[in-house]
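Heads up: the sequence shown at position 490 corresponds to 482 in the numbering used here, and the numbers run straight through without jumps.
No residue lacks a Cβ here, since even glycine has one placed at the ideal position from N, Cα and C.
A short worksheet on the structure shown next.
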Amino acid sequence: MFLRSVSLGNLAFYVFMVFLATLGLWDVFFGFEENKCSMSYMFEYPEYQKIELPDKLTKRYPAYELYLYGEGFYAEEHKVLPLTGIPVLFLPGNAGSYKQVRSVGSIALRKAEDIDFKYHFDFFSVNFNEELVALYGGTLQKQTKFVHECIKAILKLYKGQEFAPKSVVIIGHSMGGLVARALLTLKNFKQELINLLVTQATPHVAPVMPLDRFITDFYMAVNNYWILNARHINFTTLSVAGGFRDYQVRSGLTFLPKLSHHPSALSVVSSAVPKTWVSTDHLSIVWCKQLQLTTVRAFFDLIDADTKQITQNPKKKLSVLNHHFIRHPAKHFEENPAIISDLTGTSMWVPVKVSRWTYVAYNESDKIYFTFPLANHRKIYTHAYCQSTMLDTNSWIFGCINSTSMCRQGVDLSWKAELLPTIKSLTLRLQDYPSLSHLVVYVPSVRGSKFVVDCEFFKKETRSIQLPVTHLFSFGLSSRKVLLNTSGLYYDIELLNFGQIYQAFKLNVVSKCSGAKEEITSIYKLHIPWSYEDSLTIAQVPSSTEISVKLHIAQPESDSHVALLKMYTSSDCQYEVTVKTSFSQILGQVVRFHGGALPAYVTSSVLLAYGGQLSSLFSTGYCLEYAAILDKEAKPYKVDPFVIMIKFLLGYKWFKELWDLLLLPELDAIVLTSQSMCFPLVSLILFLFGTCTAYWSGLLSCASVRLLSSLWLALKRPSELPKDVKILSLDLPFLTVALLVVSWTTCGALAILLSYFCYLFKIVHLQASLTNFKSSQAVNPKLARSEKKPGHYKDPAARPLWLSGAEAEDSLRMHSVVLNLLGWVVLLSMPSLVYWLKNLRYYFKLHPDPCKPLAFILIPTMAVLGNTYTVSIKSSKLLKTASRFALPLAVAVVAFGSAHLYRVPGFAFIPLLLHALCNWM
């Protein structure tokens, strides 16, 4: 019946939308590189020593605990407190375990052993009982207060020590990072207690899914405090994102706002971190060996030798983090590096006058200095480029000042170099170094190892090539390409017109080599100048390599930089670079950035169908099938133009003042615009996806009702249609009161779910009765029901309402829309129920409860709707008003609920309430 009510064309459209949604979902969940993280292992058995907290804290926070991590000898030694190291506190995130500290803790312990425990770190971890704080934000404030108490308890463990710490380092994973930032909002918190904050995959900008107002209020309080008090925040913050492998928290949410008064904050994607260069998923970011090694190296470089604690110098902290997480020069960190280096000793000095030079070093017995005079090269070339495959940390390239052929001292240019997976490279713009007379490349004496050093001089215009990207709507049918004919070592491909998050491309690099006897490696680095989200691809040439090109952060309007593909190539090869639009990745970006808003658009479509059903009942006296009314009413032009118009009018001061006077919330479209998340036609795409989802969810609910009714008929005796339609049955008040008591004493979402099941039971019972009635008529068509010939009553109003088969079928059509709408309301209420069930052993009553106010209105409404039939409301004076309310509410759901999902049930229950009131008005 459901499929018969929809045309073949509409069915094909819904199938096509499922195909498009599948493409987008596949790109989000599977369209990324394989997991290249190495697993971090413990060398000894990990132990977690519980730290005893004061009794009042244990009673106030019965579900929370504090642990000290240790292994082997270290764990045994520190069972007897106090401690002597540097305290680090790990905060797990949503559903996270305190045991996740073991990866970074174990690596730091091995590092301390290597230096004979000259310095070492003590890693603490908070047990939040794996609370689902991404689903329910009511305990975020409680977690924050407990962390404050933990910090004070940790510092007490060091009392009486010679180098007792006065602050802690915090590592926060996921929501744990947000809890760490929220510490500053506590009235009695002293920010001197935090020295350094490192967050991993923490959504700083906004919640991934704003499922209740407690989450959004918490975010607003934290971010507003950090913006308003930026100049007073003294500690350094580092935010590390996982990249495209992390589909739970997209990397754009992890970037801390760039505040002019708070420069001590860095945000970077793990794929751009030197010596890491991999994308991590949401969980592997805490155990990825490459990333944890980088983090621990940075921690040890941050130690002040005088205090044996993390340095208090903000410049040094930022310098260390830049060294390890932004640009690594292939040298050990030095706070004050020597700019001038001695170039003495028994070494050979070899002059090189060619513009392109290669030296293969193997079993070198003598040190060699290769000198490149710059006087002649400055007349022809603009840049010098050198690279070496020897990845040691010694200085390897220098500049001589006013020298003829050799110099005793030179400017150490190695600090300007950049470490890459297979080479370390340096690019110099010659005009920036007018005092240099020679460039010197140092080749040390090595035995048993082979490495290659290359240098070349070039003009920038010959190595900087522009490649305009293809248009968004080319759908991958057209492409653009450039051919690199010259035999250079380095190229910059400028990707023109690329800077929006809805753009996505496939870059194909084809290399062809001649005369190459050994394996050659090329590196392709996608460099995004306005954010640290670079990614690297290593290719063995000759080969054909495909690179996905898309953004985490859109280009700011004030930024004029161009995204680059930096190519570190071989002089023996030619390269062809082709770019074309990737339609599947564009859909993936839509899902990645806006998939969380889909429930709002589904609810909007169902509301339009609901209003159409009520209108049809009012005007014609009967209802249409769900699929038919959805096709007729769920049109994007009924919603989007109003949202666009409101957004446009809010640009005028008078309208904004009127808007604020009416105490209306901020339009979600404006919020998304401020986050550079507005795609062209994105609202249309989401509405079509929402209508498609509403269609298939309606199909599922109708099929479920028919299946359950068949089981009912198989297990119970045949049901009959109600002979007397009563709105208020005898059991209705008792059931309603019982569910309200459940809502008050336990969890509002539980009561809503139970009420939904009661409503579903009544619909299944009605479907079973109708099926039995039709079967009876098919067996004996002459049978006529007595309800069709009611007796005569002096007062027509006193005549009881009889339910015919046609009216029962009409009521089921109405209930199918109501059931689908209620299904989405219940679904959006479920997160708090899941949280409550998980913490039931600690708290029988959920407090605060985001669903309790909704439950007190929705439970009586569903109870009445379960006994409501079209015959009882088609003559209602309120029916016309109820049908007209659906359209403005559908607009409001998109306007105010797409970025605040918890508002959606509040809009959806209004037409349900009016529908229920139609029984009496």
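Exercise for the section: Please confirm whether residue 541 and residue 609 have their CB atoms less than 8 Å apart. Expected result: For the purposes of this step, residue 541 is identified with residue 549 of the sequence shown, where counting begins at 1. For the purposes of this step, residue 609 is identified with residue 617 of the sequence shown, where counting begins at 1. Cβ atoms of residue 541 and residue 609: not closer than 8 Å.
Practice task
Per DSSP, which residues does residue 301 bridge with? Please list them.
Solution key: Taking the first residue of the sequence shown as 1, we reach residue 301 at position 309. For residue 301, the beta-bridge partners assigned by DSSP are 296.
Practice task
Counting only runs of 4+ residues fully inside the stretch 179 to 245, write out the alpha helix (DSSP H) ranges in chain order.
Solution key: Whole alpha helix (DSSP H) segments, 4+ residues: 205 to 220.
Problem - Close-in-space but distant-in-sequence residues of the same chain around residue 130 (CB under 6 Å, 5 per side omitted) - result: The sequence position of residue 130 within the sequence shown is 138, counting from 1. Counting only Cβ-Cβ distances below 6 Å, and skipping sequence neighbours, we find 206 and 840.
Exercise for the section: Using the Cα positions of residue 624 and residue 883, report the straight-line distance between them to the nearest angstrom. Expected result: The residue you call residue 624 lines up with position 632 of the sequence shown. The residue you call residue 883 lines up with position 891 of the sequence shown. Taking the CA atoms as reference points, residue 624 sits about 17 Å from residue 883.
Exercise for the section: Figure out for me which residue from 520, 236, 843 and 313 has the closest Cα to the Cα of residue 823. Expected result: The residue you call residue 823 lines up with position 831 of the sequence shown. The shortest CA-to-CA distance from residue 823 to any of 520, 236, 843 and 313 is the one to 843.
Exercise for the section: Look up residue 497 in the DSSP assignment and give the residues it is bridged to. Expected result: Looking up residue 497 in the sequence shown gives position 505. Note: residue 497 sits in a beta bridge opposite 541 and 573.
Problem - Boundaries (first-last residue) of the alpha helix (DSSP H) holding residue 888 - result: Indexing the sequence shown from 1 puts residue 888 at position 896. Start and end: 871 to 889.
Problem - Simplified DSSP assignment, three categories, for residue 319 - result: Taking the sequence shown and counting its residues from 1, the one referred to as residue 319 is at position 327. The answer is coil: DSSP assigns residue 319 none of H, G, I, E or B.
Practice task
Excluding the 5 residues preceding and the 5 following residue 115 in the sequence, name in chain order all residues of the same chain whose CB lies nearer than 6 Å to its CB.
Solution key: For the purposes of this step, residue 115 is identified with residue 123 of the sequence shown, where counting begins at 1. Answer for residue 115: 61, 80, 93 and 97, listed in chain order.
Handout entry: Rounded distance between the beta-carbons of residue 533 and residue 505, thought under 8 Å
Key = Taking the first residue of the sequence shown as 1, we reach residue 505 at position 513. Taking the first residue of the sequence shown as 1, we reach residue 533 at position 541. Sure, about 6 Å apart at Cβ, within 8 Å.
Handout entry: Expected contact under 8 Å - CB spacing of residue 565 and residue 503 to nearest Å
Key = The residue labelled residue 565 in the question sits at position 573 within the sequence shown. The residue labelled residue 503 in the question sits at position 511 within the sequence shown. Between residue 565 and residue 503 the beta-carbon gap is near 5 Å, inside 8 Å, which marks them as a contact.
Exercise for the section: Within 10 angstroms of the Cβ of residue 901, are there 16 or more other Cβ atoms? Answer buried if so, exposed if not. Expected result: Your numbering for residue 901 matches position 909 in the sequence shown. Buried, since its Cβ has 16 or more Cβ neighbours within 10 Å.
Problem - For residue 255, three-class secondary structure by DSSP - result: Sequence index remark: in the sequence shown, residue 255 carries index 263 (1-based). Looking at residue 255 - three-state DSSP - the assignment turns out to be coil, as it is neither helix nor strand.
Practice task
Output the distance between the C-alpha atoms of residue 65 and residue 42, rounded to the nearest integer angstrom.
Solution key: Translated into the one-based positions of the sequence shown, residue 65 becomes position 73. Translated into the one-based positions of the sequence shown, residue 42 becomes position 50. Taking the straight line from one Cα to the other gives about 17 Å.
Practice task
Note down the Cα distance separating residue 996 from residue 218, rounded to an integer number of angstroms.
Solution key: The requested residue 996 is not part of the displayed model; the chain covers only -7 to 913.
Handout entry: beta strand (DSSP E) segments (min. 3 residues) lying fully within the stretch 375 to 456
Key = For secondary structure counted as the beta strand (DSSP E) over 3 or more consecutive residues, the stretch 375 to 456 holds these complete runs in sequence order: 375 to 380, 389 to 393, 401 to 404, 416 to 421, 428 to 435 and 442 to 450.
Practice task
Sort out for me which residues DSSP pairs residue 115 with in a bridge.
Solution key: Walking along the sequence shown from the start, residue 115 turns up at place 123. Within the DSSP bridge table, the entry for residue 115 names 80 as partners.
Practice task
Alpha carbon to alpha carbon, how far is residue 143 from residue 179? Give it in angstroms, no decimals.
Solution key: Residue mapping note: residue 179 aligns to position 187 of the sequence shown, counting from 1. Residue mapping note: residue 143 aligns to position 151 of the sequence shown, counting from 1. Taking the straight line joining both Cα atoms gives about 15 Å.
Problem - 7 Å Cβ shell around residue 802 - same chain, five flanking residues per side excluded - result: Along the sequence shown, one-based indexing puts residue 802 at 810. Hits under 7 Å: 614, 615 and 862.
Problem - Distance between residue 221 and residue 215 (C-alpha atoms, nearest Å) - result: Counted from its first residue, the sequence shown places residue 215 at position 223. Counted from its first residue, the sequence shown places residue 221 at position 229. For residue 215 and residue 221, the distance between alpha carbons rounds to 10 Å.
Problem - Cβ neighbours of residue 466 in the same chain (closer than 8 Å, five flanking residues each side left out) - result: For this step, residue 466 is matched to residue 474 along the sequence shown. Result list for residue 466: 572 and 573, in chain order.
Exercise for the section: From the DSSP output, read off the bridge partner residues of residue 362. Expected result: For this step, residue 362 is matched to residue 370 along the sequence shown. Beta-bridge pairing by DSSP links residue 362 to 342 and 433.
Handout entry: For residue 190 and residue 287, believed in contact at Cβ under 8 Å, the rounded distance
Key = Residue numbering aside, residue 287 sits at position 295 when the sequence shown is read from its first letter. Residue numbering aside, residue 190 sits at position 198 when the sequence shown is read from its first letter. Yes, they are in contact, since the Cβ atoms of residue 287 and residue 190 sit about 7 Å apart, within 8 Å.
Exercise for the section: Note down, in chain order, each residue of its chain lying with its Cβ closer than 7 Å to the Cβ of residue 246, except the 5 sequence neighbours on either side. Expected result: As a working mapping, residue 246 is identified with position 254 in the sequence shown. Around residue 246: 193, 194, 195, 196, 231, 233 and 259.
Handout entry: Of the listed residues 550, 873, 682 and 529, nearest to residue 607 (C-alpha basis)
Key = By one-based count along the sequence shown, residue 607 stands at place 615. Considering only alpha carbons, the answer is 873.
Problem - Status (buried if at least 16 other CB within 10 Å, exposed otherwise) for residue 612 - result: Taking the first residue of the sequence shown as position 1, residue 612 is located at position 620. The C-beta of residue 612 has fewer than 16 other C-beta atoms within 10 Å across all chains shown, which makes the residue exposed.
Handout entry: Selection from 1, 9, 644 and 374 that minimises the alpha carbon distance to residue 685
Key = Position 693 of the sequence shown, counting from 1, holds the residue named residue 685. Taking only the C-alpha atoms, the option nearest residue 685 is 9.
Problem - Proximity winner among 6, 118 and 392, relative to residue 54 (alpha-carbon distances) - result: Here the question's residue 54 lines up with position 62 in the sequence shown. With distances taken between Cα atoms, residue 54 lies closest to 118.
Exercise for the section: Go ahead and pull the three-state DSSP assignment for residue 72. Expected result: For the purposes of this step, residue 72 is taken as the residue at position 80 of the sequence shown. In the three-state DSSP reduction, residue 72 falls in the coil class, being neither helix nor strand.
Problem - Alpha carbon of residue 418 to alpha carbon of residue 642, nearest angstrom - result: Translated into positions along the sequence shown, residue 418 becomes position 426. Translated into positions along the sequence shown, residue 642 becomes position 650. Using only the alpha carbons, I get a separation of about 51 Å.
Exercise for the section: Quickly, what does DSSP pair residue 981 with across the bridge? List them, please. Expected result: The structure shown has nothing for residue 981, since the chain only spans -7 to 913.
Handout entry: Nearest-angstrom Cα separation, counted from residue 385 out to residue 396
Key = Within the sequence shown, the letter at position 404 stands for residue 396. Within the sequence shown, the letter at position 393 stands for residue 385. One C-alpha to the other measures close to 28 Å.
Exercise for the section: Under 6 Å Cβ to Cβ from residue 669, same chain only, skipping five residues before and after it: list those, please. Expected result: Stepping through the sequence shown from its first residue, residue 669 is reached at position 677. Correct list, in chain order: 585.
Practice task
Return yes when the Cβ of residue 751 is within less than 8 Å of the Cβ of residue 637, no when it is not.
Solution key: In the sequence shown, residue 637 corresponds to position 645, counting from 1. In the sequence shown, residue 751 corresponds to position 759, counting from 1. Cβ atoms of residue 637 and residue 751: not closer than 8 Å.
Handout entry: Cα-Cα separation between residue 365 and residue 344, rounded to whole angstroms
Key = Counting from one through the sequence shown, the residue named residue 365 turns up at place 373. Counting from one through the sequence shown, the residue named residue 344 turns up at place 352. Residue 365 and residue 344 have their alpha carbons spaced roughly 7 Å apart.
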